[in-house]
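Remarks on the structure that follows.
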Amino acid sequence: MRRRWYVLVAWLVVLGGIGTLAVAGGGELEEQFSIPGTESAQAQEVLATRFGDQFADQAVSQGSGAAGGGASVDVAATARMILAVPDGTTVMDPTTAQAAGELLAEAAAVPGVAAVSDPFTALTIAPDGSALYADVQLADPAAEVPAATLAGLEDVVTAADDAGWRAAVSGGPFVEPLELISGVELIGVLAAMIVLFVTLGSFLAAGMPILTALLGVSIGAAGILAVAAVTDVSSATLALALMLGLAVGIDYALFILSRYRSLLAEGNTPIDAVGRAVGTAGSAVVFAGVTVVIASAGLAVVGIPFLAVMGYAAAATVLVAVLIAITLLPALLGFAGTRLTPRRMRAADNLDDTALPGNRWGRLVTGHPVVVLVTGVALIAVLAVPVLSLRLGLPDASQDPADSHARIAYELQADTFGPGFNGPLVVLVDAPGADAVAAATTVANRISGLADVALVAPAIPNAAGDAAIVTVIPTGGPNSTETADLVHAIRGERADLEAGRSSDITVTGYAAANIDISEKLAAALPVFLLLVVGLALVLLLLAFRSVLVPLTAAIGFLLSVGASFGATVAVYQWGWLADIFNVSGPGPLISFMPVLLVGVLFGLAMDYEVFLVSRMREDFVHGATARRAVLTGFTHGSRVVLAAAIIMVSVFAAFVFGGSTTVAPIAFALGVGILVDALVVRMTLIPAVMTLLGESAWWLPRWLDRLLPSVDIEGERLTRRLAAEPAPGVAPAASA
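1 is the number of the first residue of the sequence shown in the UniProt record's numbering; add one for each residue after it.
Okay, here's the thing in structure tokens:
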């Protein structure tokens, strides 16, 4: 506090330095997800080696451009124009064919268009003649295509629509640019400001957590963009860091600021109040923050690179929030001085505990623990039921906004060519030293007899003739169970097809990659869940020196996760309340969401456990009965925990309505998880369970008590030491 100017300048220098690095040398964020080592990823590497640009062109012509949408792996300067004929005719009709040719000629004449394929020679015509598509090769890279070129192609689509056709154009150049910050996210900050003002009763006090949180996320975001220059970073990584940074940054500052103002109200000088607030509430903030950091960074143990980057980015942003809360916030409190002293004690502060709102709810919970416990668990069970139908996948264009180029093209292609054209499978036959075409033809013939196959294209060899690809069009869409079954069926035929032949057969393509990623992440979830629950038990055992408190906390965490998963499935997979939550197209939940949610929600949930139960333990240690300790601890901790939870949910809710199809479900799941965990689990079920357990809630075997180190998460030693010191100017009593 005495060196507040140095602290302030130091943080501004950090922001300026990292910001300059991000602007001058920052990288671009990725929209795709891949897992090295999966069959589809390995096949892509072989394709790049054996086919090079030849395969890239072929991949586009087979439909990946429209299929990918937001998750497309194709970002080249290529677009696709789809034309569905007017009713009552087909492309085989000479007049219709001529009209189609004229429309494509208009597209070819647009400045910036290098070439347009001929659907009649490339045979990119729907089997029933109801539609055709042409690949549009542009002259510039996707990120550099002039707006006039895109507008010119859109004009061709409009002209086709006016003439009675159904037309669409999509591809990398038409992908909407990512908005890192939109006006909707700022609503979350405004909502947090309102909650802070209601809680603290001062605009100055309410503004400080907002200011420090914004500084923290600015540093975190700049750091992520700087790191993107040297490694792959997804846009979801930045969004997650922004959400967590804002939420925990505001909450951590609120905990310290609330303690500081209460100390000022007790008559402490600002410098003493800052020291005590940081030494007590600041210790809890550090413990809570370290828990979130460990849980987030723990995503790396799953062994999936892009998920590890997300975890590290989230952990780094939370770490910055903790450091700002215990360094910059005290400096700002020094600038404010006594102006943060409450003008008057709130009426509630002059009443005894029994008159406080938290006490009334606490008496209800502790007075009827069995009824409360059964009701709360039943409510969570109902919310969790939809999780039984959980499906995982990667977002495709069917989940994009209804008016987006990708969504319109996706649906038009599915209607005219079939759903499978949006997610073709690519079967690679790698046959060095053998006749690759003959081997691939055998593979194609076998696949043709499998279920869920709409079309098998002729084998296409590479220039060297030592590899060939067979494109398979499924009957179902990229995320359908039929397509997943087909991928497994093709791979199931592999051993027989490879027997006696010097060839390797692998399956790739968007749908296959989707399946590989989803299955790898689903397999990692139970292991990671066990790791997280184990971590919870160890940390809370150290914090509360109890066996049963950590167990109840871990079980409560699992209940919160179940409710969060269930609600997210109901909204984003089933489509319940889709209009309210701006869900464009229900579909599978993004593959990495369960693992990510478990890691992040664990850290946040433990925050509330620490802030509530630590006060209960303190009162019990100081002589209160077990039930009285639960009631008084809940009474004094519930108000700030409730405010913190509302703030966090407000921040997440803003990303629900303003985020991408990847970010919105994650924000929704986190918001529901925090809401359930704070209101139902920590503020209802945990007090009820601890009331039923009585003194046994704090039982710890003596041998274990001797082994465990003492962890002071609430600054109890500091409080006792300060209480034992004489007041300033008072001499200690003389000994007899």
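For each residue, glycine too, the CB sits at the ideal point set by N, CA and C.
Note that this is a predicted model, so its numbers are computed, not measured.
Per the C-alpha coordinates, the member of A459, I473 and P474 positioned closest to A467 is A459. Membership of M243 in the alpha helix (DSSP H) is indicated by the continuous run S235 to A265. Contact annotation, R615 with G599: C-beta distance approximately 27 Å; criterion of less than 8 Å not satisfied. Note: Y312 is not bridge-paired with any residue in the DSSP secondary-structure output. Comparing alpha-carbon positions, the option among F581, A222 and G245 lying closest to A567 turns out to be F581.
Taking one beta carbon from each stretch, the region 234–248 and the region 328–344 have fewer than 3 pairs nearer than 8 Å; the two do not touch. Contact annotation: the region 465–479 touches the region 386–403, with at least three C-beta pairs closer than 8 Å. G658 sits buried, since 16 or more C-beta atoms from the chains shown fall within 10 Å of its C-beta. Residue pairing of Y572 in beta bridges, as defined by DSSP: absent, with no partner found. Around the beta carbon of R276, a 10 Å sphere encloses 16 or more other beta carbons of the protein chains shown; the residue is thus reported as buried.
Take the alpha-carbon of A168 and the one of I408: they are about 6 Å apart. In the three-state reduction of the DSSP assignment, G171 falls in the strand class, which pools E and B. For A431, same chain residues with a beta-carbon under 7 Å away, outside a window of 5 residues either side, are A439, D466, A467, S502 and S503 in chain order. The Cβ atoms of P419 and V453 do not sit closer than 8 Å to each other. Taking a contact as a CB-CB distance under 8 Å, the pair M243 and F655 counts as one, their CB atoms being some 5 Å apart. Beyond the five residues adjoining it in sequence on each side, V7 comes within less than 7 Å, by CB distance, of T327, L328 and A331 in the same chain, given in chain order. Going by C-alpha positions, F203 is about 6 Å away from F197. Excluding five sequence positions before and after L263, the CB atoms of its chain that fall closer than 7 Å to its own CB belong to A273, R276 and A277, given in chain order.
If you draw a straight line from the Cα of F611 to the Cα of S389, it comes to about 35 Å.
Cβ-Cβ separation between I304 and K520: approximately 7 Å, consistent with a contact (criterion under 8 Å). In this structure, the CA atom of V532 is about 39 Å from the CA atom of G172. Beta-bridge annotation (DSSP): Y133 is paired with I82. Counting the other Cβ atoms within 10 Å of the Cβ of T338 gives fewer than 16, which makes it exposed.
When only Cα atoms are considered, R494 and L700 end up about 57 Å apart. Here the alpha carbons of G129 and D87 stand approximately 11 Å from one another. The residue among A222, I82 and A213 with its C-alpha nearest the C-alpha of F417 is I82.
Per DSSP, P474 is one residue of the beta strand (DSSP E) stretching across A467 to P474. In chain order, L257, R261 and L340 place their CB closer than 7 Å to the CB of A205, counting only its own chain and leaving out the 5 sequence neighbours on each side. Taking a cut-off of 8 Å on C-beta distances, the region 38–49 touches the region 508–517, as three or more cross pairs fall below it.
Two segments are said to touch when three or more pairs of C-beta atoms, one from each, lie closer than 8 Å; by this definition the region 286–306 does not touch the region 209–224. With contacts defined as CB atoms closer than 8 Å, V487 and V470 fail to qualify as a contacting pair. Selection S170, V569, V640 and V613 evaluated against A629 yields V613 as nearest (Cα-Cα). According to DSSP, residue pairing for G282 in a beta bridge does not occur. In this structure, G112 sits away from V85, with a CB-CB distance that is not shorter than 8 Å.
Assignment of beta-bridge partners to D93 by DSSP yields no partner. The alpha-carbon of V427 is positioned some 51 Å away from that of L323.
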